[in-house]
Each structure stands twice: as structure tokens, then as C-alpha cells.
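First up is the structure itself, then whatever we jot down about it.
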Amino acid sequence: MPAVILGAWPEAAGDAFQNSPLTTSFSTCSRMQMSPVCACLALGLALIFGEGSASYHRQTRAARLATDFGVKVFQQVAWASKDRNMVFSPYGVASVLAMLQLTTGGETRQQIQAAMQFQINDKGMAPALRHLYKELMGPWNKDEISTADAIFVQRDLKLVEGFMPHFFRLFRTTVKQVDFSEVDRARFIVNDWVKRHTKGMIGDLLGQGAVDQLTRLMLVNALYFNGQWKTPFPESGTHHRLFHKSDGSTVSVPMMAQTNKFNYTEFSTPDGHYYDILELPYHGDTLSMFIAAPYEKEVPLSALTNILDAQLISQWKGNMTRQLRLLVLPKFSLESEINLRRPLENLGMTDMFRPNQADFSSLSDQEALYVSQALQKVKIEVNESGTVASSSTAIIVSARMAPEEIIMDRPFLFVVRHNPTGTVLFMGQVMEP
1 MPAVILGAWP
11 EAAGDAFQNS
21 PLTTSFSTCS
31 RMQMSPVCAC
41 LALGLALIFG
51 EGSASYHRQT
61 RAARLATDFG
71 VKVFQQVAWA
81 SKDRNMVFSP
91 YGVASVLAML
101 QLTTGGETRQ
111 QIQAAMQFQI
121 NDKGMAPALR
131 HLYKELMGPW
141 NKDEISTADA
151 IFVQRDLKLV
161 EGFMPHFFRL
171 FRTTVKQVDF
181 SEVDRARFIV
191 NDWVKRHTKG
201 MIGDLLGQGA
211 VDQLTRLMLV
221 NALYFNGQWK
231 TPFPESGTHH
241 RLFHKSDGST
251 VSVPMMAQTN
261 KFNYTEFSTP
271 DGHYYDILEL
281 PYHGDTLSMF
291 IAAPYEKEVP
301 LSALTNILDA
311 QLISQWKGNM
321 TRQLRLLVLP
331 KFSLESEINL
341 RRPLENLGMT
351 DMFRPNQADF
361 SSLSDQEALY
371 VSQALQKVKI
381 EVNESGTVAS
391 SSTAIIVSAR
401 MAPEEIIMDR
411 PFLFVVRHNP
421 TGTVLFMGQV
431 MEP
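At position 352 of the sequence shown (counting the first as 1) the number is 352 in the UniProt record's numbering, and the numbers step up by one without a gap.
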């Protein structure tokens with residue numbers, strides 16, 4: 001879940017803030033569970049104040065641009081995380097930054113628009129994003145997806161006339177008035193909203209100190225996903241195997257196994273490194289998890305993450321053929337808490353974090369605002385589970401069947417994609433299950 005926090009800025013603190021070190025923090029965990037395959041995102045952004053048809057093409061373009069931007073942020077986060085596990089939501093960060101565009105002006109807005117490659121006020125863009133939201137939430141997906149946006153505003157903050165009606169018209173979002181001077185109460189309200197919209201998976205987006213009496217506004221996106229494999233992995237096939245870490249050491253982890261006809265393809269990087277890509281569909285057939293890893297253990301996963309974009313992921317899907325394979329995949333459970341400031345600054349969005357340069361005049365012309373924090377917290381769990389009523393079953397291997405093996409016993413990339421729109425909901429790297 002992403003969150004952006006705005007608050008009032010004491011002038012004396014300006015230089016100290018600008019000179020403070022920039023950090024990107026990550027925390028990951030791995031644990032064995034028998035819960036359904038599920039993923040959950042909470043993303044909040046808080047700003048702190050101080051003194052076929054044209055319609056269809058717009059819709060697909062909106063999905064592509066949002067995904068491209070989200071993947072660019074992922075690359076920055078992956079670079080900073082180096083050899084650590086990490087999970088991230090491209091859709092979540094794009095959703096919040098699209099909302100943030102509307103609050104900004106001048107160079108601050110231009111920097112965000114340049115990074116995202118679209119303007120939220122462009123004709124048809126906001127309706128296209130709303131259509132994308134409906135596509136993701138549609139009952140035809142079968143797998144459970146829930147996404148929601150909210151804006152929490154300081155109760156006595158004077159906004160530019162007409163801002164809130166315009167904001168609601170574009171985003172159809174919930175507007176909540178909060179008294180941020182009651183710090184603990186305000187933090188509870190936001191965390192409770194996140195907890196409810198992520199089915200309890202993320203209940204502590206905002207820790208102690210994330211909100212203070214200078215906070216004025218918070219933009220929050222919450223995303224919850226619960227998917228079951230179209231063909232579950234048999235629990236009897238899960239055994240401990242060695243996983244080869246990037247430093248050359250090994251660790252014994254539980255790995256699932258399944259022989260089936262999978263959508264599969266091979267690609268090569270511009271440097272000539274080949275990598276495998278395999279698709280694992282969820283039972284609704286609209287969402288899939290793509291698993292990718294360099295063929296040679298000596299090739300770092302960064303060789304793949306550095307070249308990712310929405311078009312390449314679409315090419316994976318378009319070039320796949322159904323092939324009989326034995327897939328061996330680790331169970332994994334990851335949690336990441338990410339400070340988005342440095343990744344966003346590296347993409348050119350610098351002014352919004354600087355008290356003396358940030359321009360949020362489209363939101364309020366009464367106080368000087370800037371972004372104090374941009375946070376994302378994500379959890380994902382992947383294991384054997386599937387639906388009892390699944391119409392597909394795993395193929396039993398006999399002596400006459402010797403399918404090629406795809407053993408993900410080395411660092412790999414995963415992408416959870418909504419195939420009808422090409423939207424990437426989650427992606428991450430597993431360096432040690």
C-alpha cells in the first residue's frame with residue numbers, strides 16, 4: 001500500500017531536512033504456511049505542509065503507461081535492495097502518483113508528468129484509469145481483487161475552491177476529514193482503513209512518527225489479491241531441496257513440484273544471457289504469475305530486472321507455447337516495507353520532496369506543502385493451494401514421460417499480471433525463499 005503524507009513545515013527545519021541522509025528501507029520475511037496463494041498491498045502517500053475505438057486505445061494506453069511507470073520504480077527499488085528479497089506493486093504506486101498529479105502545479109507537476117509519461121488531465125485519461133479499475137474489480141476475474149483509494153484531509157485545511165469536487169469527479173475516491181493534531185487517533189484511522197481494505201494482512205502501514213501535528217493530507221491506495229492456482233501443486237510433491245543463493249552458498253528450502261503443460265518460452269537479454277519464462281495461471285484465467293530466471297546460475301538476476309518494461313512482459317506472453325514441463329518452485333512468503341523517496345527522485349521527481357521548491361498550489365494556496373514521506377508496504381504468500389473444484393489436475397509422470405525440468409533453485413523474478421489489460425499488480429525478486 002502506498003501512502004503520501006503532507007504536513008505543515010516549520011521554516012527553521014528546512015535546511016536540516018534537506019541535508020538529512022536519504023534511505024531506502026526494506027524488511028523481508030520468509031515463512032512456511034498452508035494458506036491460499038495471496039498477495040496484499042497497502043500504499044500510502046502523505047504530504048506535509050509548511051509555511052479498438054478511441055476509447056479502447058485510451059484504456060489500453062492508460063494500462064501500459066501506468067505499468068511502465070510502476071516497473072521503472074520497481075527497477076529502482078530492486079537496484080537498492082541488491083541481494084535481498086523484495087515484493088512491490090507497480091499498479092499501487094502508479095495509482096497514488098496519478099492522484100498526486102492533481103494536487104501539484106508548476107515544475108513539480110511537470111516532473112511527475114514526465115516520469116509517468118501522461119497527464120491526468122489529458123482527455124480520456126481519467127476515464128481510462130477508472131475503466132481499468134473496473135476491469136480489475138470485475139467478477140469475471142474469479143480470483144479476488146480489491147483495490148481502493150482514499151484521501152484523508154486535515155479537518156481545518158483550506159483547499160483551493162473546487163478542488164475536492166474535481167478530485168472526486170476524476171477518481172471517485174473516498175474523502176475523509178481527519179484531525180492530524182490528534183496524532184495517535186489519526187494514525188489509527190488510516191491504519192484501520194488500510195487493514196479493512198487489505199483483509200487484515202496490512203494493519204500497520206503508518207508506524208510511530210509517520211504522522212505528526214504538521215500532517216495535512218494523506219493519499220492512500222490499498223490493494224488486496226487472493227488467487228488460487230488453476231492447477232494446484234500436490235502437497236505430497238513438496239520436499240526440501242537446495243536453493244543456490246547469489247553469493248554461491250546454498251540453503252535447504254521447501255519446494256513444490258508439478259508436471260503439466262505450461263505456457264513457456266525463452267528469451268535472451270541484450271547481453272546474450274538466456275532466461276526461462278513460465279506462466280502459472282490462476283483459476284479465473286484472467287490473472288497469471290510469470291516466473292523468470294537466467295538459465296545460468298552465474299548470471300545475476302539484475303541482468304533481467306534492468307531490461308524490464310510492460311512491452312517486454314507482453315512479449316513474454318505473446319511468444320509462449322504450451323509445453324510439457326516438470327516445474328519445481330520454492331514456496332515463499334515475502335514482506336517489504338519500502339521508502340519510495342529515493343526511487344522517485346532517481347526518476348526525476350525531486351521538487352515535491354523539497355520544502356523550498358515543492359508546488360502544491362493546485363491543492364492549497366494558503367500553506368507551503370511538500371511530500372514528507374512516500375511509503376509502500378507489501379505482503380505476498382505463495383504455496384501449493386488451489387480450489388477444490390478446479391477442473392484441471394496435475395499430470396502423473398510415468399516411466400515413458402520424461403519432460404524437461406524447470407527447477408527454480410536460484411534467484412528468480414515473479415510478476416502477477418492481469419492479462420486482459422496487461423496491468424502488473426505485483427512483482428518481486430526471490431533471492432532466498
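Think of the CB as a built atom: it goes at the ideal place given N, C-alpha and C, for glycine as much as any other residue. Model, not experiment: these values are computed from the prediction.
- Three or more Cβ pairs closer than 8 Å define a contact, and the region 173-192 meets that threshold against the region 204-216.
- Taking 8 Å as the upper bound for CB-CB distance, Phe69 and Met116 are in contact here, some 5 Å apart.
- By the CB criterion at 8 Å, Leu304 and Thr350 fall outside the cutoff.
- Residue range Ser302 to Thr305 is occupied by the alpha helix (DSSP H) that includes Thr305.
- The DSSP assignment places 54-81 and 90-101 as complete runs of the alpha helix (DSSP H) inside the region 53-108, in order along the chain (cut-off: 4 residues).
- Less than 8 Å divides the Cβ of Ala293 from the Cβ of Pro411.
- Pro232 counts as buried, since no fewer than 16 other beta carbons sit within 10 angstroms of its beta carbon.
- By the neighbour-count criterion, in which 16 or more other beta carbons inside 10 Å mark a residue as buried, Thr103 falls on the buried side.
- With fewer than 16 other beta carbons inside 10 angstroms of its own, Ile307 counts as exposed.
- The Cβ atoms of Gln429 and Ala78 lie closer than 8 Å to each other.
- No Cβ-Cβ contact shorter than 8 Å links Lys230 with Pro300.
- Beta-bridge pairing by DSSP links Asn191 to no other residue.
- Per DSSP, reduced to three states, the secondary structure at Gln315 is helical.
- Under the three-state reduction of DSSP, Lys230 is assigned to coil, being neither helix nor strand.
- For Glu279, there is no enclosing alpha helix (DSSP H); the residue is found in the beta strand (DSSP E) stretching over Tyr274 to Pro281.
- If you look at Asn339, you'll find it in the beta strand (DSSP E) that goes Phe332 to Asn339.
- Going by DSSP, Lys379 is part of the beta strand (DSSP E) stretching over Ala368 to Val382.
- Note on Gln101: 16 or more other CB atoms within 10 angstroms of its CB, so buried under the neighbour-count rule.
- In this structure, DSSP gives Pro139 a helical state, which the three-state scheme calls helix.
- In terms of CA proximity to Glu337, Leu206 leads the group Gln110, Ala63 and Leu206.
- The three-state reading of DSSP puts Arg130 in helix, counting H, G and I together.
- Per the DSSP secondary-structure output, Asn346 pairs with nothing in a beta bridge.
- Residue state for Gly284 is assigned as coil, using DSSP reduced to three classes.
- Shown here, Gly237 sits in a helix according to DSSP, grouped into three states.
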